[in-house]
Amino acid sequence: MRGILVERFGGPEVLVPADLPEPVPGPGQLLVEVSAAGVNYADTHRTDGSYRDAPRLPFVPGTEVVGRTPDGRRVLALTFGGGGYAERAVVDEADTVDVPDQVDDATALSLLVQGLTAWHVLRSSARLLPGETVLIGAASGGVGSIAIRLARHLGAGRIVAGGFTPEKRELALTLGAHVAVSNNPMGYAERVREATAGRGADVILESTGGAALTASIDALAPFGRLVSYGNASREGRPPIDAGVLSARNLSVAGFWLRPALDLPGFFREPLTELFALVASGELSLPPGPAYPLADAHRAHEDLLARRTTGKATLHPAASSV
């Protein structure tokens with residue numbers, strides 16, 4: 001079968017199409033004919049070796065797929081050990097969920113890593129309350145675009161979107177944000193306070209790290225909660241002064257989806273809720289870019305250059321151009 005093989009750590013150029021052995025499922029596993037694979041920012045960290053749980057070389061990237069089992073089930077699955085960037089993948093049955101007919105492949109993949117992250121960051125970590133103000137720092141991305149819709153569903157009083165370009169800020173407004181501001185760390189806190197009548201945000205979702213994380217803490221309202229769930233800047237997470245937090249009764253939390261999914265009720269239950277919201281029309285997601293499987297390198301290039309909005313997906317049946 002065809003797939004993407006990484007034989008050395010590096011940038012998008014190391015994502016090379018290759019002929020791979022057919023995967024063979026073991027006990028408690030399923031073989032999935034992949035119709036689409038999700039592309040996540042974390043995949044770029046795995047590819048360059050900077051991920052906190054770096055894979056061993058050589059490896060096939062990709063931690064989420066949607067497709068059919070040999071008995072015809074249409075399933076969405078996590079592939080924690082990789083293997084998703086391929087025509088077929090082996091998945092643990094415990095890490096799969098059946099996909100309703102009303103949910104297309106791209107939407108299903110959006111709801112897996114990005115949807116579950118948005119759901120847990122807002123509900124499990126930040127514990128968003130009705131009427132509160134939410135700042136979503138990367139609002140046009142995969143997690144951010146879903147978080148805007150979910151925050152509205154959960155009763156947020158005001159949603160402030162952060163965006164790198166005017167186009168991304170405009171997209172966030174069309175998704176349901178009340179106001180959008182530049183997320184350039186210089187002056188970020190001041191722009192957020194201006195957008196919130198001087199008060200700041202009750203909840204901040206932060207995925208950039210570095211200077212953006214420091215600026216976001218300054219943008220919190222009293223008793224505000226910031227959840228850090230990524231490090232797109234690759235600057236690292238700066239030290240946090242506990243005195244600064246206690247002076248305004250602030251909280252800073254971290255979130256990583258992988259260990260959260262091992263907890264009872266943290267996988268199928270929220271996914272089932274998200275599927276139901278999509279099926280009812282209450283949650284609609286913007287389309288993201290779709291690439292042929294052989295163009296995985298281009299998908300990573302676009303992610304790293306911040307050219308994408310929504311969920312990026314790879315399609316084994318599509319031809320490269």
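Heads up, the sequence shown is in the UniProt record's numbering, so the first residue is 1 and it goes up one at a time.
Ideal Cβ positions, reconstructed from N, Cα and C, are used throughout, including at glycine.
{"Query": "Please state if the CB of G209 and the CB of N231 are separated by a distance shorter than 8 angstroms.", "Result": "yes"}
{"Query": "Cβ atoms of E7 and R88: under 8 angstroms apart, would you say?", "Result": "no"}
{"Query": "Are the region 121 to 131 and the region 286 to 293 touching, with three or more C-beta to C-beta distances below 8 angstroms?", "Result": "no"}
{"Query": "The alpha helix (DSSP H) spanning T107 covers which residue range?", "Result": "D105 to S110"}
{"Query": "Whole beta strand (DSSP E) runs in the region 186 to 225 with 3 or more residues, listed along the chain?", "Result": "201 to 206"}
{"Query": "How big is the Cα-Cα spacing for E301 and P12?", "Result": "6 angstroms"}
{"Query": "Please identify the residue among V203, P27 and T47 whose C-alpha is closest to the C-alpha of V16.", "Result": "T47"}
{"Query": "Could you check the C-alpha separation between T107 and V244 for me, to the nearest Å?", "Result": "40 angstroms"}
{"Query": "Would you list the one or two residues that DSSP bridges to Y291?", "Result": "L314"}
{"Query": "Let me know if N183 comes out buried or exposed under the rule of 16 or more other beta-carbons within 10 Å of its beta-carbon.", "Result": "buried"}
{"Query": "For V143, does the three-state DSSP call read helix, strand or coil?", "Result": "helix"}
{"Query": "When the distance is taken between beta carbons, is P61 closer than 8 angstroms to Y85?", "Result": "yes"}
{"Query": "Between which two residues does the beta strand (DSSP E) holding R158 run?", "Result": "R158 to G163"}
{"Query": "For A232, which three-state DSSP category applies?", "Result": "coil"}
{"Query": "Going by beta carbon distance, what residues of the same chain come within less than 7 angstroms of Q114, once the five residues before and after it are set aside?", "Result": "G142, V143, I146 and K311"}
{"Query": "Going by the beta-carbon positions, is the gap between F132 and A156 smaller than 8 angstroms?", "Result": "Position check: residue 132 holds Glu in this sequence, whereas Phe was assumed. Contact flag set, yes."}
{"Query": "Within its chain, find whatever has a CB closer than 8 angstroms to the CB of T214; leave out the 5 residues flanking it on each side and keep chain order.", "Result": "P185 and P238"}
{"Query": "To the nearest angstrom, how far is it from the Cα of A129 to the Cα of L154?", "Result": "According to the sequence shown, residue 129 is Leu rather than Ala. Their backbone Cα atoms lie some 8 angstroms apart in a straight line."}
{"Query": "What does the alpha-carbon distance come out to for the pair P270 and S140?", "Result": "22 angstroms"}
{"Query": "So if DSSP puts Q29 in a beta bridge, which residue, or which two residues, is it bridged to?", "Result": "D92"}
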